[in-house]
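Residues in the sequence shown are numbered from 1 upward in steps of one, following the numbering used here.
Ideal Cβ positions, reconstructed from N, Cα and C, are used throughout, including at glycine.
Quick notes on the structure that follows.
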Amino acid sequence: MAGKKRREWFVNLSIVMITVILCLLAFEGYLRFINLRPIEEGDIYESDPLLGRKLIPNSTGYRTYYGTEHSGITETITYKINSKGLRDEEYSYTKPENITRILLLGDSFTFGCEVNQEDTIDANMERMLNGCQVLNFGNMWYGTIQEFLLLREEGVKYDPDVVFTLLFTNNDGADNIDTGSGSKPVI
C-alpha cells in the first residue's frame, strides 16, 4: 500500500512539475511573440560610416543587470545620451572662462556601463576637481582607433585642456581588430 501511495504521489508531483514547466514555456513564448523585453544598450547606438557605430543623440536606453558578478544586486541602469551623442550632461563647444576642460576617451568602463550617470568616472571627477568640466567620450565596444577618430571629429570642438585615454588591457587590443563584420574602422 505504501508503494502505491508513493507511486501516486510521484505521478502527481510529476504532473504538477510538467504543467508548471509547460506554463512557463508558454508564457515565455507569449512574451517573445509580443516582443516584451528590456531595452538594452544597443537601442542607443546607430551605424556610422566613420566609427562603425555611435551613440544616438537625445536617446535613452536601459540595461538590467541581474545579480552581476560585480555587485550581486539586480539593478536597471539608465543611459541618457545628450544632444551631441555623449553619455553626459550638455556642454557647449565654447569653453567657459577660468574652466579647465578634461576629455575622457575609453570603452565601456569610461562610458559607465554598469553604473548610473551620477556614478560615472566623469561625474566623480567633476565633484572632486573644482573648476573642471570632465567630458565623457566613452563608448561601449570602442577601441583606441575609434576613440582617436571620435576625438578628431568631435572632441577637439570642445577645446579640451587635457585628454585622457583610459585603457583596459583585458580587451582594448581585441577592440581594435576588425572581425570581418566591417563594423570597425581600421587604420
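Start and end residues, beta strand (DSSP E) containing residue i
i, result
"asparagine 124", "Taken as a continuous stretch (DSSP letters only), asparagine 124 belongs to no beta strand (DSSP E), being part of the alpha helix (DSSP H) at 121–128."
"arginine 63", "60–65"
"threonine 165", "162–165"
"serine 47", "45–48"
"phenylalanine 137", "132–138"
beta-carbon residue i near the ligand NAP non-hydrogen atom, thresh 7 Å
i, result
"leucine 129", "Of ligands this structure carries none, so the ligand NAP is not represented either."
CA-to-CA distance, residue j to residue i, given in whole angstroms
i, j, result
"glutamate 107", "serine 59", "According to the sequence provided, residue 107 is aspartate. The question's glutamate does not apply to it. One C-alpha to the other measures close to 19 Å."
"glutamate 75", "glutamate 28", "22 Å"
"aspartate 161", "leucine 25", "56 Å"
"aspartate 43", "glycine 61", "6 Å"
"lysine 84", "leucine 167", "23 Å"
"arginine 63", "valine 11", "42 Å"
"threonine 94", "leucine 86", "16 Å"
"glutamine 133", "glycine 143", "24 Å"
"tryptophan 9", "phenylalanine 109", "53 Å"
"tyrosine 79", "leucine 103", "19 Å"
"glycine 155", "glutamate 114", "24 Å"
"isoleucine 145", "isoleucine 18", "53 Å"
Neighbourhood of residue i by C-beta distance below 8 Å, restricted to the same chain and skipping five residues each side
i, result
"asparagine 98", "Gly131"
"aspartate 48", "Lys54"
Residues of its chain near residue i, where Cβ-Cβ distance is below 7 Å and the 5 sequence neighbours each way are ignored
i, result
"aspartate 88", "Asn82, Asp122, Leu135 and Asn136"
Residue i - containing alpha helix (DSSP H), residue span
i, result
"glutamine 117", "Premise fails: glutamine 117 is in no alpha helix (DSSP H) and is neither H nor E."
"serine 92", "Here serine 92 belongs to no alpha helix (DSSP H), and DSSP marks it neither H nor E."
"threonine 100", "Per DSSP, threonine 100 belongs to no alpha helix (DSSP H); it is in the beta strand (DSSP E), 100–106."
Identity of the residues DSSP links to residue i by a beta bridge
i, result
"glutamate 75", "Tyr65"
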